[in-house]
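Have a look at the structure below, then the notes.
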Amino acid sequence: MKNAKGKGTLKNIKETLKPVDDRKVGKRKASYKPDKSSARKPEKEKKAKKDPNKPKRPPSAFFVFLEEFRKTFKADNPGVKAVSAVAKAGGEKWKSLTAAEKAPYEAKAAKRKAEYEKLMNAYNKKQQSSADDESDKSKSEVNDEDDEASGEEDHHDDDDDDEDDEEDDDEDDE
DNA sequence: ATGGTGATTGTTTAT
DNA sequence: ATAAACAATCACCAT
């Protein structure tokens with residue numbers, strides 16, 4: 041019904057969807073070369089520095105699914121030592137899942153992301169007081185970790201461990 | 001002994 | 001918006 045050409049980026053959608061097909065962009069290794077080149081700094085742009093308190097990225101739905109899949113895989117293949125084997129099998133299975141099946145994983149990932157954002161909020165503040173090698177740091181903003189509050193005792197959601205709810209969305213349309 | 005690597009896909013982040 | 005990197009995992013090989 042509403043399938044008109046609203047956006048003009050339609051032709052570029054494909055490129056946006058899959059700009060690169062290469063699975064291995066060189067090497068997605070989790071290790072960075074111990075050189076002066078930091079992790080993220082292709083050019084000589086000194087702006088990214090490693091952070092001691094930087095919160096790690098929340099696991100995506102795929103990773104959440106992978107975690108469970110690892111157990112299954114190990115149970116089915118006791119003896120596989122290659123992590124890549126689980127990843128490969130997991131990836132294949134993951135694609136096999138439908139949106140509905142991935143939904144629960146995405147839900148969890150979304151929650152993880154929400155928490156991550158919160159951490160980032162605090163982390164950003166810290167960076168803000170420390171990251172300033174622009175030109176003059178003389179005056180400086182002295183707002184520090186003392187007033188980051190802004191809203192802490194608002195929502196205490198401490199019961200998000202084992203909740204099997206969130207299942208009211210039933211769409212048999214698919 | 002230590003740690004980097006390999007492989008998956010999704011998100012996250014920086015420019 | 002795009003491109004690149006990183007998120008976990010685990011045994012193994014190289015230094």
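Just so you know, we're using my numbering here: the first sequence kicks off at 41 and counts up by one. Positions of the beta carbon are idealized from the N, C-alpha and C atoms, including for glycine. All figures in this text were calculated on a predicted structure; none of them were measured in a lab.
Check: Limits of the alpha helix (DSSP H) - the one that residue 110 falls within; Outcome: 101 to 116
Check: Assumed close pair residue 153, residue 98 - CB separation to whole angstroms, cut-off 8 angstroms; Outcome: 5 angstroms
Check: Local conformation of residue 98 per DSSP, three classes; Outcome: coil
Check: Length of the line joining the Cα atoms of residue 124 and residue 110; Outcome: 11 angstroms
Check: Test item: CB-CB of residue 120 and residue 148 under 9 angstroms; Outcome: no
Check: Counted within 10 angstroms of its Cβ, other Cβ atoms place residue 101 as buried (16 or more) or exposed; Outcome: buried
Check: Nearest candidate by alpha-carbon position, reference residue 130, set 155, 112, 93 and 157; Outcome: 112
Check: Residue 144 versus residue 134 - alpha carbon distance; Outcome: 13 angstroms
Check: Limits of the alpha helix (DSSP H) - the one that residue 123 falls within; Outcome: 123 to 136
Check: Spatial distance of residue 158 from residue 96 (CA atoms); Outcome: 12 angstroms
Check: Euclidean distance between Cα positions of residue 136 and residue 115; Outcome: 20 angstroms
Check: Residue 93 in three-state terms, based on DSSP; Outcome: coil
Check: Residue from 93, 126, 122 and 94 whose Cα sits closest to the Cα of residue 107; Outcome: 126
Check: 8 angstroms Cβ shell around residue 94 - same chain, five flanking residues per side excluded; Outcome: 163
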